[in-house]
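Enquirer: One structure, as structure tokens, below. Some questions next.
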Amino acid sequence: MKAVVNHILPFSSVDGPGNRTVIFFQGCNLDCKYCHNPETRNLCGHCGDCVKSCPTGALLKRENKVVYQKDKCVDCDTCIKVCKQGASPKTKEMTAKEIFAAVKKQIPFIRGITVSGGECSLYPQVVEELFVLAKEAGLSTLMDSNGMISFKEYPGLLQYTDGVMLDIKCFKEKDHIKITGHPNTMVLENAAYLAQLNKLEEVRMVIVPDLYEGKESVKKTGEFLRKFPGFEKIRIKLIAFRPMGVRKEYAHYKTPEQESLEEMRSLLQKMGFETIILI
Amino acid sequence: MREISKTRVEDTRNKILDIIKSPTLTHEQKVANLANAADSLMEVLDVPEGLEELLSPGIEEKCICDLFEGQAPVRPRYIIPDYAKFLKEGSEFLQLKPPTDLMEALNHLLIFYKHVPSVTNFPVYVGQLDELLEPFIDTVPEDVAKKLLKMFFVHMDRTILDSFSHANIGPKATKAGYLILEVEKELEQAVPNLTLKYDPKVTEDEFALAAVECALHSAKPSFANHEMFSKELTSEYVIASCYNGLPYGGGSYTLCRLILSNIAKRSKDLKDFKENQLPYVCDIMARYMDARIKFEVEESGFFEHNFLAKEGFIHRDRFSAMFGLVGLAECVNILMEKEGKAGKRFGHDEEANDLGVEIMDQIYAFNENHHNPYCEITGGHFLLHAQVGIAEDVNVSPGVRIPIGEEPKELVDHLLVLSRFHKYFPSGVGDIFPIDLTVHKNPEFVLDIVKGSFAKDLRYLSFYSSESDVIRITGYLVKRSEIEKLSSGQAVLQDTTALGMGAAKNGHILERKIR
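Heads up: the protein sequence lines correspond to chains R and V, in order.
Residue numbers are given in the working numbering: position 248 of the first sequence equals residue 248, and the series is strictly consecutive.
Count along the second sequence starting at 1, add 279, and that's the number in the working numbering.
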């Protein structure tokens, strides 16, 4: 069983507690307007547009497939800029064992690994296998997920997952569809399920004032989570929209004022959440 | 005493006049420079033949550098007094009885600091402050203790005019230790330098995380691998000056450094470097250090007459000396070029890194075979030291560091290279990482890296936030705002600011890869 991996980040300070290696999988089942790595959404269609524009000849077409040669690449990302598919030719199909071999080098500098994306839950079997290997090596395991698959159906995966960092893009269904193209029923179902299992490590909300009513959504999300025992420990991350990496047509959205973020923070604090991080 | 030429006297007189008229030196800096100028006229050391040719050329050529120690050392380079003894017993010479509360303890220390000489005339070690102050910390209410500590640190910053002075804390958490971190985080000052002796088995995470928080505000403390230093120098060790591990109640007579890149330049090829040039230069430098030590111990009278020795705050037989080196990276790169392997560079290529290890093994073996009768505390040998460089260094990286601008893309690769080199240097080696601001929100990220690094035999690590005013130059701290003042022609309080300005220009220290 293989998964398509966009890249592996050896050290990360922003994908869970402490220092972690992060595996970014390729492909996503949402299409968020503010996605800041839109090249991770889809799989390469081998159209070859990028081959023509690569300045160092790191890409070529062989048997109708785009082939990426890492040693010639200078990471200028021209290929990603010209791709009309929302994909990247620089991905790699990897087994869990192969991924773990790339993780191993970081031991003992890391305390765990985080799978992210794209959307990691598109590859539940590979993630489960990877987590088994990580656990054997004493590493903690986190998923950074949009919650669009039903976690209930993957008890094996959850057994080896220490926690899920879940995106709740918006509480109101209509706005969720506007932002992502999909309803949020499954996301909220997962939030409840994970909270009950004590595996809801973190809830993330990207605040985009032009796109939806942030304060209202934060409030509703807070009230929803409060029903579960131990909710105080769920880390809440409020992420201010920034235009870096966002597709041109959506990059004009404004970054929220610090003041409004602080307001949301104090709202959540009053509800009893202990850890609220503004980024 | 040997005679010197008229020209040398005249040159020195001109230099003295320049010092007197300098618009940017403070009075204290002038006095120190005048003393050095006077000292430069002396010819009393019994130096080895061949030294002059290796010592006197410019930075592109010289193979040995004595780091401004002068011609007739009047005191050891680094002095590490037994402050615990002082606070327990007081001092007859200073007419001080043992302190009875925090106010007296701090006042006593400030007095003592003014009587601890060094190569810079300022104390390079100001004590294991948490242990020293813990017995007094509850003699006043906590808010008063914090205020007093704040005044104490401000006093140090404004009167110890040189950031080579170093305080230690840890490895155990104490109330005093926490307060020191709190105060230093708020003050954001360059002086004193600060090290946390860190051992994950002894130091609580909470204390270590408070240290990271402090470091991301004020570029200190740095983290010293306590287990490693303790094994080599016993638990009676301190971190002084930049990051120098030295025996407590003693110090270092001298520090000279090999400029490895220039030794590589004068070698025909790798074979010539290993078989002829490196052994030749090592031998001359070791004998030069022997000559300096002999003068300090047998002729200067320091150990007979200075109150520090007379009252037992230092012991002659707890002194050693530091056999320093710089430019391993450039040395390896030059030798690889001479072997026709120009693309294989230190820090990136396995063969180049292996050569670096071979060179270090050879220097280590040389030092193990050299004997000095006055370095009893370290088995009759010098301690290897990866020197941090000086402002004048051009194209010479500190110690065994990977050159700025050539750092591996991933921090893990950088650390794995360093892990092969830190073990050689009980008297100090270290690396510095500017950290992206987002880490402020995740200090555990830094602590995980420290834990992993120490498990991998790294010795000493420093971090600072890419945004902070206080930054670590090579081993010492300077404020960016003070560098700006000095470069616009204004005098500044601390002499290290000038060194920082030079290092920014020649050593590109503001261009380090941000992690």
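By construction, the Cβ of each residue, glycine as well, lies at the ideal position given by its N, Cα and C atoms.
None of the values given here were measured: they were computed from a predicted structure.
Quick one: give me the first and last residue of the alpha helix (DSSP H) that V/H434 is part of.
Expert: Unbroken alpha helix (DSSP H) run through V/H434: 421 to 438.
Enquirer: Report the start-end ranges of each beta strand (DSSP E) in the segment 722 to 781 of chain V that is 3 residues or longer and not cut off at the edges.
Expert: The qualifying runs are 739 to 744, 749 to 751, 756 to 758.
Enquirer: Apart from the five residues just before and just after V/P713, which ones in its own chain have a Cβ nearer than 6 Å to its Cβ?
Expert: Within the same chain, V/P713 has close Cβ partners Y743, S745, R791, I793.
Enquirer: Taking only the alpha-carbon atoms, compute the straight-line gap between V/L662 and V/H627 and give it to the nearest angstrom.
Expert: V/L662 and V/H627: Cα-Cα distance of roughly 28 Å.
Enquirer: According to a CB-to-CB cut-off of less than 7 Å, which residues of the segment 506 to 520 of chain V neighbour chain R?
Expert: Cβ contacts with chain R come from no residue of the segment 506 to 520 of chain V.
Enquirer: Tell me, please, whether the CB atom of R/V14 is closer than 8 Å to any CB atom in chain V?
Expert: Yes, its Cβ sits closer than 8 Å to a Cβ of chain V.
Enquirer: Would you check if there are 3 or more beta carbon pairs closer than 8 Å linking the segment 236 to 251 of chain R to the segment 290 to 299 of chain V?
Expert: Contact fails: fewer than three Cβ-Cβ distances are below 8 Å.
Enquirer: Tell me, please, whether the CB atom of V/D297 is closer than 8 Å to any CB atom in chain R?
Expert: Closer than 8 Å: no.
Enquirer: By Cβ distance below 7 Å, which residues in the same chain neighbour R/Y193 in space, the five residues on each side in sequence not counted?
Expert: Cβ neighbours of R/Y193 beyond the five flanking positions: F151, K152.
Enquirer: Between R/F228, R/S116, R/V206, R/E63, which has its C-alpha nearest R/A240's C-alpha?
Expert: Considering only alpha carbons, the answer is R/V206.
Enquirer: Under three-state DSSP, which class holds V/M601?
Expert: Looking at V/M601 - three-state DSSP - the assignment turns out to be strand.
Enquirer: Based on the DSSP secondary-structure assignment, which residues constitute the bridge partners of R/A240?
Expert: Paired residue(s): R/I207.
Enquirer: Count the other CB atoms, across all protein chains shown, that sit within 10 Å of the CB of R/S88; report buried if there are 16 or more and exposed otherwise.
Expert: Flag for R/S88 reads buried.
Enquirer: Closer than 7 Å, Cβ to Cβ, to anything on chain R: give me those residues from the segment 681 to 696 of chain V, in chain order.
Expert: Answer set for the segment 681 to 696 of chain V: E689, L690, V691, L694.
Enquirer: I want to see whether chain R comes within less than 8 Å of V/S732, judged by CB atoms only; does it?
Expert: V/S732 counts as touching chain R.
Enquirer: Below 7 Å CB to CB, which residues in the same chain sit around R/G230 once its five sequence neighbours on both sides are set aside?
Expert: Excluding positions up to five away in sequence, the list reads N198.
Enquirer: Using a Cβ-Cβ cut-off of less than 9 Å, give me the residues of the segment 575 to 600 of chain V that come near chain R, in sequence order.
Expert: Taking 9 Å as the Cβ-Cβ cut-off against chain R, none of the residues of the segment 575 to 600 of chain V qualify.
Enquirer: If we ignore side chains and look at the alpha-carbon of each, how far apart do V/E761 and V/Q308 end up?
Expert: Cα to Cα, the separation comes out at about 16 Å.
Enquirer: Got a sec: which bits of the segment 102 to 116 of chain R sit with their beta carbon under 7 Å from any beta carbon on chain V, in order along the chain?
Expert: Cβ contacts with chain V: K105, Q106, P108, F109, I110, R111.
Enquirer: Could you confirm whether any beta carbon from chain V is found closer than 8 Å to the beta carbon of R/I277?
Expert: Cβ-Cβ to chain V under 8 Å: yes for R/I277.
Enquirer: Quick test of the definition: if touching needs 3 or more C-beta pairs under 8 Å, does the segment 567 to 585 of chain V touch the segment 620 to 635 of chain V?
Expert: Result no; under three Cβ-Cβ pairs closer than 8 Å.
Enquirer: Using 8 Å as the threshold, is the segment 553 to 568 of chain V in touch with the segment 481 to 501 of chain V, meaning 3 or more CB pairs across them?
Expert: The segment 553 to 568 of chain V is not in contact with the segment 481 to 501 of chain V.
Enquirer: Which of helix, strand or coil does DSSP assign to R/E93?
Expert: Residue state, collapsed to three classes: strand.
Enquirer: Can V/C610 and V/L539 be called in contact, C-beta distance under 8 Å?
Expert: Yes, the pair counts as a contact, with Cβ atoms nearer than the cut-off.
Enquirer: Does R/P124 come out as helix, strand or coil in the three-state DSSP assignment?
Expert: Of the three classes helix, strand and coil, the one that applies to R/P124 here is helix, per DSSP.
Enquirer: If you check the beta carbons only, do V/V749 and V/C521 fall under 8 Å apart?
Expert: No, these two residues do not count as a Cβ contact at 8 Å.
Enquirer: Under the rule that 16 or more other beta-carbon atoms within 10 Å means buried, what is R/I50, buried or exposed?
Expert: Ile is not the amino acid found at residue 50 of chain R; the sequence shown has Cys there. So R/C50 ends up on the buried side.
Enquirer: How about V/I359 and V/Y404: are their beta carbons less than 8 Å apart?
Expert: Yes, they are a contact pair.
Enquirer: Rank V/V395, V/L604, V/T533 by C-alpha distance to the C-alpha of V/L557 and give the top, closest one.
Expert: The candidate whose alpha carbon is nearest that of V/L557 is V/L604.
Enquirer: Which one of V/F391, V/L381, V/R680 has the shortest CA to CA distance from V/G369?
Expert: Comparing Cα positions, the closest option is V/F391.
Enquirer: With distance defined between alpha-carbon atoms, name the residue in V/A314, V/C654, V/S319 nearest to V/D290.
Expert: The option with the nearest alpha carbon to V/D290 is V/S319.
Enquirer: Counting pairs of beta carbons, one from the segment 101 to 117 of chain R and one from the segment 24 to 38 of chain R, are three or more of them closer than 8 Å?
Expert: Touching, yes.
Enquirer: According to DSSP, is V/V708 part of a helix, a strand, or is it coil?
Expert: Here V/V708 sits in coil by DSSP.
Enquirer: What does the alpha-carbon distance come out to for the pair R/F171 and R/Y253?
Expert: Whole-angstrom Cα-Cα distance: 20 Å.
Enquirer: Under DSSP, the alpha helix (DSSP H) around V/G635 begins and ends at which residues?
Expert: Taken as a continuous stretch (DSSP letters only), the alpha helix (DSSP H) holding V/G635 covers 629 to 648.
Enquirer: Could you tell me whether any non-hydrogen atom of the ligand FAD is closer than 7 Å to the CB of R/L188?
Expert: The ligand FAD is not among the ligands present in this structure, which contains no ligands whatsoever.
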